[in-house]
Every structure is written in structure tokens, then in C-alpha cells.
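Protein sequences, first through last, are from chains A and B. Take the first sequence: its letters are residues 0 to 410, numbered as in numbering that gives the first Met the number 0. Take the second sequence: its letters are residues 0 to 410, numbered as in numbering that gives the first Met the number 0. In this text, a Cβ means the ideal position worked out from N, Cα and C, and glycines have one as well. Working notes for the structure below.
There are 2 protein chains.
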Amino acid sequence: MSLSVELLATGDELLTGQVVDTNSPWLMDRLWDAGVMVGRKTLVGDDREVLEAALRETTGRADLVIMSGGLGPTEDDLTAECVARVMGLPLEPHAPSLAAIAERFQRMGRTMTPNNAKQARFPRGATIHPNRWGTAPGFTVQLGRAALTCLPGVPAEYRGLAEEVVLPWVAARLGSAPAARVLKLLGLGESAADQAMRPVMDDPAHRGVRFGYRAHFPEVHLKWTVTGPGAEPRAAAIEAAVRALFGDAVWGSGKEELAALLVARLAARREKVALAESCTGGLLASLVTAVPGASAVLDLGVVAYANEMKTRVLGVEEALLGASGAVSEPVARALAEGARSIAGATWGLGITGIAGPDGGTPEKPVGTVHLALAGPGGTEAVARLYRGDRERVRRAAAFEALDLLRRALLR
Amino acid sequence: MSLSVELLATGDELLTGQVVDTNSPWLMDRLWDAGVMVGRKTLVGDDREVLEAALRETTGRADLVIMSGGLGPTEDDLTAECVARVMGLPLEPHAPSLAAIAERFQRMGRTMTPNNAKQARFPRGATIHPNRWGTAPGFTVQLGRAALTCLPGVPAEYRGLAEEVVLPWVAARLGSAPAARVLKLLGLGESAADQAMRPVMDDPAHRGVRFGYRAHFPEVHLKWTVTGPGAEPRAAAIEAAVRALFGDAVWGSGKEELAALLVARLAARREKVALAESCTGGLLASLVTAVPGASAVLDLGVVAYANEMKTRVLGVEEALLGASGAVSEPVARALAEGARSIAGATWGLGITGIAGPDGGTPEKPVGTVHLALAGPGGTEAVARLYRGDRERVRRAAAFEALDLLRRALLR
């Protein structure tokens with residue numbers, strides 16, 4: 000069966016650009032995985048009249064309306080009040096919620112204000128959703144033709160309650176659980192991926208499957224959701240077809256993160272990597288060290304922006320820099336080998352290039368990058384010409400370096 | 000005068016979480032600066048019926064509706080067609096737009112497809128907005144009670160045309176140009192800033208001024224917009240009051256970026272900075288090298304995660320590490336001095352700490368960070384205990400290091 004779903008968010012701060020609503024895209028993505036495309040999303044301010052009109056409109060159209068925001072303790076938190084008024088029912092205190100809020104304040108050693116009691120008042124007959132991540136419980140009522148679920152706007156609370164309440168409700172209503180898959184690719188762009196996927200997407204055997212992609216530059220994530228009978232085996236068959244299509248450009252799946260994957264693989268092998276960066280300027284090191292536990296696999300990263308530092312800290316020979324120039328394959332190799340040797344690591348990664356906007360020449364335009372990986376079996380190097388601005392060139396190069404290491408660890 | 004404005008965006012990709020609508024928060028922010036708070040934002044899919052209903056609703060309520068998306072060449076780009084149908088007028092070809100599109104394709108060496116001709120058809124009587132950033136022109140029509148401006152969804156094109164068409168239109172309608180100001184702070188949180196701002200915000204002299212803040216962790220940006228007569232001097236008076244309130248916690252204003260400001264100041268002084276990072280793991284180097292031209296002021300950054308590397312690469316004495324531990328003021332000082340000395344730089348920044356989630360002890364819990372700045376007048380150090388997860392601790396520490404240098408450059 001199909002289900003029409005709308006999202007409604009309230010909060011002046013969302014209409015001034017002060018706070019960006021990241022909850023809705025997150026839930027849309029999760030609902031897509033569950034087999035549902037949201038029909039409409041509406042953002043309104045903290046205004047009784049506008050909010051009540053939006054509640055009437057959305058609950059008059061959809062089977063399920065998920066509303067966020069307006070459950071706080073202050074005067075401009077209007078959600079419960081407006082929902083009750085549109086329903087023509089009073090607000091009533093909910094003793095278990097009041098007790099939970101009081102206990103929360105006590106546990107945090109803070110004084111509960113009378114305002115907080117407001118957060119335990121709900122439209123008569125509402126189903127209450129206890130909030131394990133914060134103060135304000137959510138609630139669900141039947142209004143118009145819709146089930147209306149109201150959640151707090153704080154992202155951790157919104158997401159926690161959506162996982163706990165909304166997604167199971169949707170799955171139950173749809174009857175059968177859909178099968179969703181994500182494969183993550185590096186080394187080709189969105190349009191190339193889209194082009195390559197055409198035969199799979201147009202295959203009559205995959206009729207009714209929702210395909211999509213997410214661009215996380217420079218990664219591309221391919222997604223598909225299969226609903227109905229045999230969803231799991233059908234999703235698995237598509238995964239096999241996609242993996243055959245893209246080979247080792249597929250580096251992972253699901254919620255895997257490339258840097259975290261590499262840290263885990265290196266740790267399992269009891270190996271370490273050392274980094275020597277020029278144009279990426281610490282971005283590669285920052286990606287690796289953002290992973291909890293990275294200290295088990297990384298002892299040293301050097302940002303050797305100046306030629307003199309490449310020589311002094313990493314032992315790159317001056318003659319090499321003079322003969323080939325800093326942006327060259329030999330220097331990339333020397334950087335990788337220098338970092339590996341100084342740190343006594345199993346692997347060394349070196350990157351040198353021109354991130355722009357200045358510094359390009361006709362022979363070495365902006366976007367020219369040489370990368371090298373030094374390892375137990377010797378040193379390999381690749382040359383690239385990336386398109387885009389400084390940020391894109393740096394990101395593309397840093398991820399390409401991670402990918403070089405990933406491929407080496409597969410061998 | 001006041002102006003009611005609504006935003007309407009179309010695109011299936013916006014409702015699946017595939018693409019996040021960053022255009023709307025951007026324009027909301029710009030409109031806020033212009034003295035207007037958007038009343039409502041609606042997101043709908045590529046569906047004729049839904050789109051036409053949304054066009055009727057929004058143009059029936061607002062003075063100005065800014066719509067984005069659906070101006071592409073493909074079948075599911077429905078905007079011009081739906082607007083024309085709701086107006087009860089035909090689509091008509093616009094010869095100058097067709098010529099501009101053809102010329103654009105020729106310039107890029109690509110073949111124009113018949114589909115692209117669709118992008119030069121508009122509802123009869125529409126005002127056309129040539130697009131200097133892409134293929135699809137925008138257009139404005141009068142519909143219902145509103146001026147309806149349709150813009151392409153591609154961010155660069157949307158923003159370019161909004162700057163060129165929408166914001167001047169709004170300014171003209173409002174009659175007087177408002178004065179908007181942004182001051183950027185480091186070293187205090189949102190709620191502390193909000194608390195401190197109360198006397199300014201509640202001052203009767205500032206009645207009618209719109210105050211707001213933007214959190215860019217760990218920065219806080221304070222904003223205000225003054226409309227009506229004497230807007231400029233009133234905004235300037237508030238700026239003086241806010242600067243007096245926060246002193247040198249205010250590091251900049253307007254569109255200034257902290258790292259870019261430091262790169263510019265160092266370059267003007269012909270000075271350089273060298274970096275030695277432990278817990279921030281390259282994040283500080285990455286922030287600095289993200290600035291175009293950073294190579295003029297940074298020769299070297301070292302990520303010395305392991306104690307051995309602190310000793311081998313940066314000359315931190317083993318005895319010091321043994322006596323004080325790696326996360327200590329003496330080691331932060333030695334890191335800063337080591338980086339400064341090896342690179343021969345004017346300034347050296349050192350950071351050592353515990354970013355978490357593991358590695359904390361009762362004496363040195365997660366979030367403990369020591370920072371040091373070595374310079375011509377000696378070395379200064381600060382100790383901090385940041386709250387939050389690994390990412391927040393790293394970000395807070397990296398920005399604190401930038402701020403240490405900023406304050407030194409002020410002296």
C-alpha cells in the first residue's frame with residue numbers, strides 16, 4: 000500500500016536563516032529507505048494563526064504528518080496549544096511526563112521552572128512519546144484524515160523519537176518491510192555513475208525499485224529500495240549487479256565511512272600510515288584523525304608547504320625539487336617515502352599539487368596533483384588533474400590518497 | 000512598509016533527502032538583512048497538480064513568492080508550464096533567451112538539444128531575467144496578489160539571480176535601505192552571548208531593531224538590522240555598544256573569516272606561523288591552508304600524534320614527556336617552540352589534548368587541551384577543558400589556537 004506523508008516544521012529561527020532545518024532531509028532520507036517519498040514539506044514561523052492554518056491544510060491532505068518544533072517551555076512554543084485548538088479539545092496535564100521532566104531536572108541538578116510544566120500538557124486523548132534524549136515528550140493525535148505526530152526540533156531528540164516512533168509506524172502501515180541498500184563509490188562522478196547505472200535501472204526485472212544517488216563529493220553513493228514480496232533477495236540481486244558494474248570503485252556500503260574503514264583495517268593488521276601533505280595542507284591528516292582511535296594507526300603527519308620543509312623535515316633531496324619541481328611524481332614519491340621512513344610506518348602517503356586559485360602554469364595547471372603510496376612492496380604513484388575550486392581539489396586529492404591506501408590493503 | 004514573502008521550491012530530489020535545499024536558508028538570511036522575515040517556505044515534488052495547487056496557495060497569500068527549481072530542460076521540469084496554466088495564459092518563446100542559450104552551448108563546444116529550447120519559453124507577459132551563471136533564465140509574473148519570481152535551483156544561478164533581481168526589488172518596495180551588521184565573536188557560547196546582549200536588545204532606543212545570532216561553533220555571530228530613517232547611524236551606535244560589551248572577544252565583522260584574516264595580517268607583516276598539532280590532528284593546518292595564498296605565511300605543520308614523533312620531529316625532550324605527560328603545558332610550549340624553530344617562523348602554535356572519546360583520566364578528562372603560542376616575545380600558554388564530542392573538542396581547540404595568534408597580532 001502507499002502512504003502520503005507530509006512534514007511540517009515550526010520556528011522563527013528556521014525562517015530567518017538562523018538555524019538550518021537538517022531534521023527534514025534526514026527524515027526524508029530515512030523515509031525513502033522505508034519506501035515512502037515525502038509529498039510536501041512546509042516551514043512556518045511561531046505564529047498561532049499561520050500554524051493552525053498549516054495544521055488544517057496538511058492533516059486534510061496526508062495520511063501522516065510529522066511536525067517538528069514548538070514543544071519547548073517558552074511563550075513562542077505553540078505546538079500543543081495550536082493542535083488542541085484545531086482539534087477543538089482542551090490541553091490536559093500528563094502526570095507521568097511531568098514526573099519524568101521533574102526527575103530529569105533533579106538529575107541534572109537544575110531547578111525546574113513553572114514553564115517546564117507546560118511541556119507535560121497535551122491535547123486530550125493524545126498518545127505520548129517519552130523523550131529519552133531531552134525534556135519535551137512528543138505526541139500523536141488523529142486530526143483530519145491524518146495521524147499527526149509532533150516531535151521536538153532539537154536534532155538528537157527529533158531523530159531519536161523518529162527512529163523509535165515514526166519509522167516503526169510507517170513500516171507497520173506499509174505491511175512489508177522494504178529492503179534498502181547503499182553502495183559507496185570513489186573515482187567517478189555523479190553523471191558517469193548515473194550513465195553506468197542505466198542498464199540496471201531500466202532492467203524490467205527491477206521495475207518498481209526506487210533508485211537514487213547521493214553526492215558526497217568526491218564520493219558517490221548509490222541507493223535503491225525494493226518493496227513488496229521478495230524484497231531482500233531482489234535488493235541483493237541488484238547489489239550483485241551494481242558491484243559487477245563498478246568493480247573496486249565500490250569501497251563500502253551502508254553507514255561505512257572511508258577513513259574509519261581504513262583506521263579499522265590498519266588496526267586489525269597492526270600497521271600504521273604516515274602522511275606527507277603539500278597541497279592538501281593537513282586535510283588528509285584531519286580526515287584520518289577525526290576517527291576515534293586513529294592514534295593506533297597514525298603517529299605522524301607533516302604539512303610540508305615550503306620546499307625547504309620538504310627537505311628539512313622529510314628528507315626530500317633539493318636536487319630532486321630543482322630538477323622535477325615540487326609538483327611532480329618524483330617529489331610525491333619522496334614525500335611518501337620520507338614520511339614512512341621517519342615514522343617507521345608500514346605505509347607512507349605523499350601528496351603534492353596545485354590547489355589554486357593561483358600557482359598554475361600551462362604545463363601544470365591548477366588541479367594538477369601527484370600522489371604516492373610507499374609500502375612494503377615499493378612505491379606507486381598516480382597523477383591527476385582535478386577540476387573545481389581550491390576546496391574541491393583539496394578534497395578530491397585527500398580522498399584519492401585514502402583510496403590508494405584502501406586498494407593497497409585489498410591486495 | 001511591510002512585505003509578506005514566501006519561498007516555494009520544487010524538485011523530487013529535495014523530498015527524498017538526495018539534495019538538501021541550501022538556497023532557502025541563504026535567501027532567508029539575506030532577506031532578514033534586508034528587513035524581511037520570510038512567512039512560509041514550501042517544498043513540493045515534480046508533480047503538476049501539487050505544484051499548481053502550491054502556486055495558487057502561495058500567490059494567494061503573499062506579496063512576493065520566490066520559487067526555485069523546475070526550469071531545466073527535462074520532462075520533469077514543470078515550472079513555466081504550471082505557472083502559465085495557473086495564469087490561464089500560453090507559453091511563448093522568447094527569442095533573446097533562445098539566442099543566449101544557443102550562444103552558451105556554442106561557447107562551451109556542446110550541442111544544444113531541442114529540449115533546451117524549452118528553457119526559452121515563458122508565460123505570456125513575463126519579465127525575463129537573463130542568467131549569467133547558467134542556461135535557464137528566470138522570470139517574474141504577477142499572479143494572484145503576488146509578484147512571483149521563478150529562479151533556477153542550481154545554487155550559483157539561484158544566488159546570482161536573487162542578488163541581481165530579488166534583493167533590489169525588495170529594497171525598492173521597502174522604500175528605505177535597512178542597515179544590517181554582523182559582529183563575530185570567539186570565546187563565549189550562544190547562551191552567554193544572548194544573556195550579555197539583553198541590555199542592548201531591551202534598550203528602548205533600539206525598539207524595532209531585529210536582533211539575531213548565528214551559531215558557527217565555536218564562533219557566535221551577532222546580527223542586527225535597523226530599518227527606517229537614520230538606519231545607518233542607529234546600526235553604528237548599536238555596533239559601538241556591542242563592541243564595548245564584548246571587547247576583544249569580537250574578532251571581526253561582516254563576511255570576514257578568521258583564518259583568512261590571520262593569513263592577510265601575517266602576509267602584511269611578512270611573518271609566518273608554524274604549527275605543531277597533537278589532538279587537533281591537522282585540523283588547524285587544514286583551516287589555515289584552506290585560505291588561498293596561505294603558502295605565503297605557512298611553511299610547516301606537523302601532526303605529532305605519537306610521543307616519539309614529538310621528540311623526533313619537533314625536538315620535544317623525552318624527559319619532559321615523561322615528567323609532565325604529553326597533555327601538559329610544558330609539552331604544549333615545547334611543541335610551539337619546536338615548530339617555530341624548525342620552520343624558522345616568527346610564530347609557533349602548539350596544541351596537545353584529549354579529544355576523546357577514549358583516553359581521558361580523572362586528572363585529565365576528555366576535553367582537556369593545552370595550547371601555546373611561541374613568538375618573538377616569548378611563549379604563552381593556556382589550558383582549557385572543552386565540552387562535547389571529539390569533533391567539537393577538535394574544532395574548539397583549533398579555533399582557540401587561531402584566536403591566540405589573533406590576539407598576539409593585535410598587541
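Residue i versus residue j: straight-line alpha-carbon distance, rounded
{"i": "Ala119 (chain A)", "j": "Cys278 (chain B)", "result": "42 Å"}
{"i": "Val365 (chain B)", "j": "Glu390 (chain B)", "result": "12 Å"}
{"i": "Gln141 (chain A)", "j": "Gly87 (chain B)", "result": "38 Å"}
{"i": "Arg29 (chain A)", "j": "Pro232 (chain A)", "result": "21 Å"}
{"i": "Ala178 (chain A)", "j": "Lys222 (chain A)", "result": "11 Å"}
{"i": "Ser294 (chain A)", "j": "Leu261 (chain A)", "result": "13 Å"}
{"i": "Val241 (chain A)", "j": "Val199 (chain A)", "result": "7 Å"}
{"i": "Glu399 (chain B)", "j": "Ala382 (chain B)", "result": "11 Å"}
{"i": "Val272 (chain A)", "j": "Ala344 (chain A)", "result": "5 Å"}
{"i": "Val219 (chain B)", "j": "Pro356 (chain A)", "result": "29 Å"}
{"i": "Arg406 (chain B)", "j": "Leu265 (chain B)", "result": "13 Å"}
{"i": "Asp414 (chain B)", "j": "Val225 (chain A)", "result": "As displayed, chain B neither begins before 0 nor continues past 410, which places residue 414 (chain B) out of reach and without an answer."}
{"i": "Glu336 (chain A)", "j": "Ala373 (chain A)", "result": "6 Å"}
{"i": "Gly251 (chain A)", "j": "Ala170 (chain B)", "result": "50 Å"}
{"i": "Leu412 (chain A)", "j": "Val249 (chain B)", "result": "Given a span of 0 to 410 for chain A in the structure shown, any question on residue 412 (chain A) remains unanswerable."}
{"i": "Glu163 (chain A)", "j": "Asn130 (chain A)", "result": "10 Å"}
{"i": "Asn306 (chain A)", "j": "Ala325 (chain A)", "result": "7 Å"}
{"i": "Ile353 (chain B)", "j": "Leu286 (chain B)", "result": "20 Å"}
{"i": "Met196 (chain A)", "j": "Pro154 (chain B)", "result": "26 Å"}
Whether residue i touches residue j by CB criterion (8 Å)
{"i": "Ala331 (chain A)", "j": "Leu299 (chain A)", "result": "no"}
{"i": "Leu150 (chain B)", "j": "Leu166 (chain B)", "result": "no"}
{"i": "Leu182 (chain B)", "j": "Glu238 (chain B)", "result": "yes"}
{"i": "Thr78 (chain B)", "j": "Thr9 (chain B)", "result": "yes"}
{"i": "Val301 (chain B)", "j": "Val290 (chain B)", "result": "no"}
{"i": "Leu185 (chain B)", "j": "Leu283 (chain B)", "result": "no"}
{"i": "Leu401 (chain A)", "j": "Leu274 (chain A)", "result": "no"}
{"i": "Thr148 (chain B)", "j": "Thr134 (chain B)", "result": "no"}
{"i": "Leu2 (chain B)", "j": "Met66 (chain B)", "result": "no"}
{"i": "Leu334 (chain A)", "j": "Ala380 (chain A)", "result": "no"}
{"i": "Leu43 (chain B)", "j": "Arg39 (chain A)", "result": "Position check: residue 43 (chain B) holds Val in this sequence, whereas Leu was assumed. Contact flag set, yes."}
Neighbour list for residue i in chain A, Cβ cutoff strictly below 7 Å
{"i": "Met413 (chain B)", "result": "Since the first and last residues shown for chain B are 0 and 410, residue 413 (chain B) lies out of range."}
Boundaries of the alpha helix (DSSP H) in which residue i is found, first to last residue
{"i": "Glu51 (chain A)", "result": "47-60"}
{"i": "Pro167 (chain B)", "result": "166-173"}
{"i": "Arg433 (chain A)", "result": "The question about residue 433 (chain A) has no answer, for chain A in this structure spans 0 to 410."}
{"i": "Glu91 (chain B)", "result": "Counting along the chain, Glu91 (chain B) falls outside any alpha helix (DSSP H), though it belongs to the beta strand (DSSP E) covering 90-92."}
{"i": "Pro129 (chain B)", "result": "Where Pro129 (chain B) is concerned, there is no enclosing alpha helix (DSSP H), given that its DSSP letter is neither H nor E."}
{"i": "Glu399 (chain B)", "result": "389-409"}
{"i": "Thr367 (chain A)", "result": "Where Thr367 (chain A) is concerned, there is no enclosing alpha helix (DSSP H), although the beta strand (DSSP E) it sits in stretches over 367-374."}
{"i": "Arg242 (chain B)", "result": "230-245"}
Element boundaries [beta strand (DSSP E), containing residue i]
{"i": "Gly347 (chain A)", "result": "346-352"}
{"i": "Arg209 (chain B)", "result": "209-215"}
{"i": "Val301 (chain A)", "result": "297-303"}
{"i": "Gln141 (chain B)", "result": "137-142"}
{"i": "Glu316 (chain B)", "result": "Here Glu316 (chain B) belongs to no beta strand (DSSP E), and DSSP marks it neither H nor E."}
{"i": "Pro122 (chain B)", "result": "120-122"}
{"i": "Met66 (chain B)", "result": "63-67"}
{"i": "Ala39 (chain B)", "result": "Sequence check: residue 39 (chain B) is Arg here, not Ala. Segment 39-43, the beta strand (DSSP E) holding Arg39 (chain B)."}
{"i": "Leu7 (chain A)", "result": "4-9"}
{"i": "Glu218 (chain B)", "result": "218-225"}
{"i": "Thr78 (chain B)", "result": "Not the beta strand (DSSP E): Thr78 (chain B) falls in the alpha helix (DSSP H), residues 78-86."}
Amino acids of chain B, ordered along the chain, whose beta-carbon sits closer than 8 Å to that of residue i
{"i": "Ala145 (chain A)", "result": "Chain B residues near Ala145 (chain A): none, gap ~16 Å exceeds 8 Å."}
Listed by chain order, chain A residues near residue i by CB distance under 9 Å
{"i": "Asp28 (chain B)", "result": "Thr15, Gly16, Gln17"}
Contacts of residue i in chain B (Cβ-Cβ under 9 Å)
{"i": "Met36 (chain A)", "result": "Asp11, Leu14, Thr15, Gly44"}
{"i": "Trp31 (chain A)", "result": "Leu14, Thr15, Gly16, Gln17"}
{"i": "Arg39 (chain A)", "result": "Leu14, Thr41, Leu42, Val43, Gly44, Val49, Ala53"}
{"i": "Ala135 (chain A)", "result": "Within 9 Å Cβ-Cβ: nothing; Ala135 (chain A) doesn't reach chain B, min ~18 Å."}
Contacts that residue i makes with chain A (C-beta to C-beta distance below 8 Å)
{"i": "Trp223 (chain B)", "result": "Going along chain A, no residue has its Cβ under 8 Å from Trp223 (chain B), so there is no contact; the nearest lies around 12 Å."}
{"i": "Arg311 (chain B)", "result": "Ile341"}
{"i": "Tyr304 (chain B)", "result": "Thr288, Ala293, Ser294, Leu297, Asp298, Leu299, Gly300"}
- Which residues, in order along the stretch 337-359 of chain B, keep a beta-carbon less than 9 Å from a beta-carbon of chain A? Ile341, Ala342, Gly343, Ala354, Gly355, Pro356, Asp357, Gly358
Select from the stretch 164-182 of chain B all residues with a C-beta closer than 9 Å to any C-beta belonging to chain A, and list them in chain order. none
Return the residues of the stretch 187-214 of chain B that lie within a Cβ-Cβ distance of less than 9 Å from chain A, sorted by chain order. Arg209, Gly211, Tyr212, Arg213, Ala214
- [ ] Could you please tell me which residues of the stretch 388-403 of chain A, in chain order, have their CB closer than 8 Å to any CB of chain B?
- [x] Arg389, Glu390, Arg393
Query raised in the report: Which residues, in order along the stretch 233-265 of chain A, keep a beta-carbon less than 7 Å from a beta-carbon of chain B?
Result: none
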